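A.B. asks: Provided herewith is a single structure, encoded as structure tokens, for subsequent inquiry.
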Amino acid sequence: MNSKPYFDRVAAEWDKMRTQFFSEAVREKAYEVAGIEPGCLAADIGAGTGFISEGLVRRGVQVIAIDQSDAMLAEMRVRLDGKISGKGDIVYRCGEAEKLPVDDETVDYVFANMYLHHVENPPLAIREMARILKPGGKLVITDLDEHNFEFLKTEQFDRWSGFKREDVRRWFQEAGLQEVVTDCVGENCCAGSASGSQTASVSIFVASGVK
Numbered sequence: 001m002n003s004k005p006y007f008d009r010v011a012a013e014w015d016k017m018r019t020q021f022f023s024e025a026v027r028e029k030a031y032e033v034a035g036i037e038p039g040c041l042a043a044d045i046g047a048g049t050g051f052i053s054e055g056l057v058r059r060g061v062q063v064i065a066i067d068q069s070d071a072m073l074a075e076m077r078v079r080l081d082g083k084i085s086g087k088g089d090i091v092y093r094c095g096e097a098e099k100l101p102v103d104d105e106t107v108d109y110v111f112a113n114m115y116l117h118h119v120e121n122p123p124l125a126i127r128e129m130a131r132i133l134k135p136g137g138k139l140v141i142t143d144l145d146e147h148n149f150e151f152l153k154t155e156q157f158d159r160w161s162g163f164k165r166e167d168v169r170r171w172f173q174e175a176g177l178q179e180v181v182t183d184c185v186g187e188n189c190c191a192g193s194a195s196g197s198q199t200a201s202v203s204i205f206v207a208s209g210v211k
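Take 1 as the starting number for the sequence shown in this note's numbering and just add one per residue.
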């Protein structure tokens, strides 16, 4: 199952779609957990059209935005370049979660919002995110708790039906991260099926760890 064609197709509509799935409260919780400081460098994995990156730049953080979809990154450039970001505030790179185009120990923070359930190998993706963190850097992932809404796989190309928090915690620890915490964001991700016969409402977790 490859989600890239799906995201290429919906890129132009993604900002509108995203507001129906979850609100800005998700990224505010991620920022709070990370304890972000101006002047640092963050990687936004599965950056999409810049939901996480936009808020980081507004807080004085430089960003490496990584996504598998060129179409998503193109939409992000239209939205953000010259509007909220100056030259060099955001660097755009196309790449996969399991092989990030970033050198070892480069960034102060790594964020991955609603991305882990699309990757083929979540433990490997987490190890890659940990690899690019500087010592003392922080990884923050916001994603779906385990659920049984199958239409999210067939219609939105989710690889995984969310995750058990204890699994995510173990993957963080196996990646060498410390001070691992999983918690509830306090908001659900909501989506309706194409037929209108089903509506998914899934709680969102936030997981964090320090290298």
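All residues carry an ideal CB built from backbone N, CA and C; glycine is no exception.
These numbers were taken from a predicted model, which means no experiment stands behind them.
#1: Hey, could you find the ends of the beta strand (DSSP E) serine 208 is sitting in?
#2: For alanine 130, which residues from the same chain have a beta carbon less than 7 Å from its beta carbon, with the 5 sequence-adjacent residues on both sides left out?
#3: Go through its chain and collect everything with a Cβ distance to asparagine 188's Cβ below 7 Å, but skip five positions before and after it.
#4: CA-CA distance, arginine 9 and serine 69?
#5: From what residue to what residue does the alpha helix (DSSP H) around lysine 153 run?
#6: Classify alanine 25 as helix, strand or coil using the three-state DSSP reduction.
#7: Would you kindly work out how many angstroms separate the C-alpha atoms of glutamine 20 and alanine 12, rounded to a whole number?
#8: Is it true that the segment 33 to 45 meets the segment 73 to 84, where meeting means three or more beta-carbon pairs spaced less than 8 Å apart?
#9: With DSSP collapsed to three states, give me the class of valine 110.
#10: Can you name, in chain order, every residue of its own chain whose Cβ lies under 7 Å from the Cβ of phenylalanine 22, other than the five neighbours on each side?
#11: Taking Cβ to Cβ, would you say leucine 152 is nearer than 8 Å to glutamate 128?
#12: From what residue to what residue does the beta strand (DSSP E) around tyrosine 92 run?
#13: Taking glutamine 173 as part of the beta strand (DSSP E), name the residues at either end of that continuous run.
#14: Suppose the cutoff is 8 Å on Cβ atoms and the five residues either side in sequence are ignored; what does the same chain contact list for glutamate 54 look like?
#15: Per DSSP, isoleucine 66 is paired with what?
C.D. replies: In brief:
#1: As a working mapping, residue 208 is identified with position 208 in the sequence shown. Taken as a continuous stretch (DSSP letters only), the beta strand (DSSP E) holding serine 208 covers 199 to 210.
#2: By one-based count along the sequence shown, residue 130 stands at place 130. Residues Leu139, Ala175, Gly176, Leu177, Lys211 of the same chain have their beta carbon placed closer than 7 Å to that of alanine 130, with the five preceding and five following residues left out of the count.
#3: For the purposes of this step, residue 188 is taken as residue 188 along the sequence shown, with counting starting at 1. Sequence-distant Cβ neighbours of asparagine 188 in its own chain, meaning closer than 7 Å and more than five residues away, are Ser201, Val202, Ser203, Ile204.
#4: Taking the first residue of the sequence shown as position 1, residue 9 is located at position 9. Taking the first residue of the sequence shown as position 1, residue 69 is located at position 69. Going from the Cα of arginine 9 to the Cα of serine 69 covers about 10 Å.
#5: Indexing the sequence shown from 1 puts residue 153 at position 153. Following the DSSP letters along the chain, one finds lysine 153 inside the alpha helix (DSSP H) bounded by residues 151 to 156.
#6: Numbered from 1 along the sequence shown, position 25 holds the residue referred to as residue 25. Three-state result, alanine 25: helix.
#7: Here residue 20 is taken as the residue at index 20 of the sequence shown, counted from 1. Here residue 12 is taken as the residue at index 12 of the sequence shown, counted from 1. Going from the Cα of glutamine 20 to the Cα of alanine 12 covers about 15 Å.
#8: Verdict: no, contact absent.
#9: In the sequence shown, residue 110 corresponds to position 110, counting from 1. Looking at valine 110 - three-state DSSP - the assignment turns out to be strand.
#10: Position 22 of the sequence shown, counted from the first residue, corresponds to residue 22. Only residues of its own chain outside the window of five on either side were considered, and among them Glu187, Cys189, Ile204 have a CB closer than 7 Å to the CB of phenylalanine 22, listed in chain order.
#11: Locating residue 152 in the sequence shown gives position 152, where the first residue counts as 1. Locating residue 128 in the sequence shown gives position 128, where the first residue counts as 1. Against a cut-off of 8 Å, the Cβ pair of glutamate 128 and leucine 152 comes out as no contact.
#12: Counted from its first residue, the sequence shown places residue 92 at position 92. In this chain, the beta strand (DSSP E) harbouring tyrosine 92 covers 90 to 94.
#13: Numbered from its first residue, the sequence shown carries residue 173 at position 173. Taken as a continuous stretch (DSSP letters only), glutamine 173 belongs to no beta strand (DSSP E), being part of the alpha helix (DSSP H) at 165 to 174.
#14: Within the sequence shown, residue 54 is the residue found at index 54, counting from 1. Non-local C-beta neighbours of glutamate 54 in its own chain, meaning closer than 8 Å and more than five positions away in sequence, comprise Arg79, Leu80, Ile84, ordered along the chain.
#15: Counted from its first residue, the sequence shown places residue 66 at position 66. DSSP lists Ile45, Arg93 as the beta-bridge partner residues of isoleucine 66.
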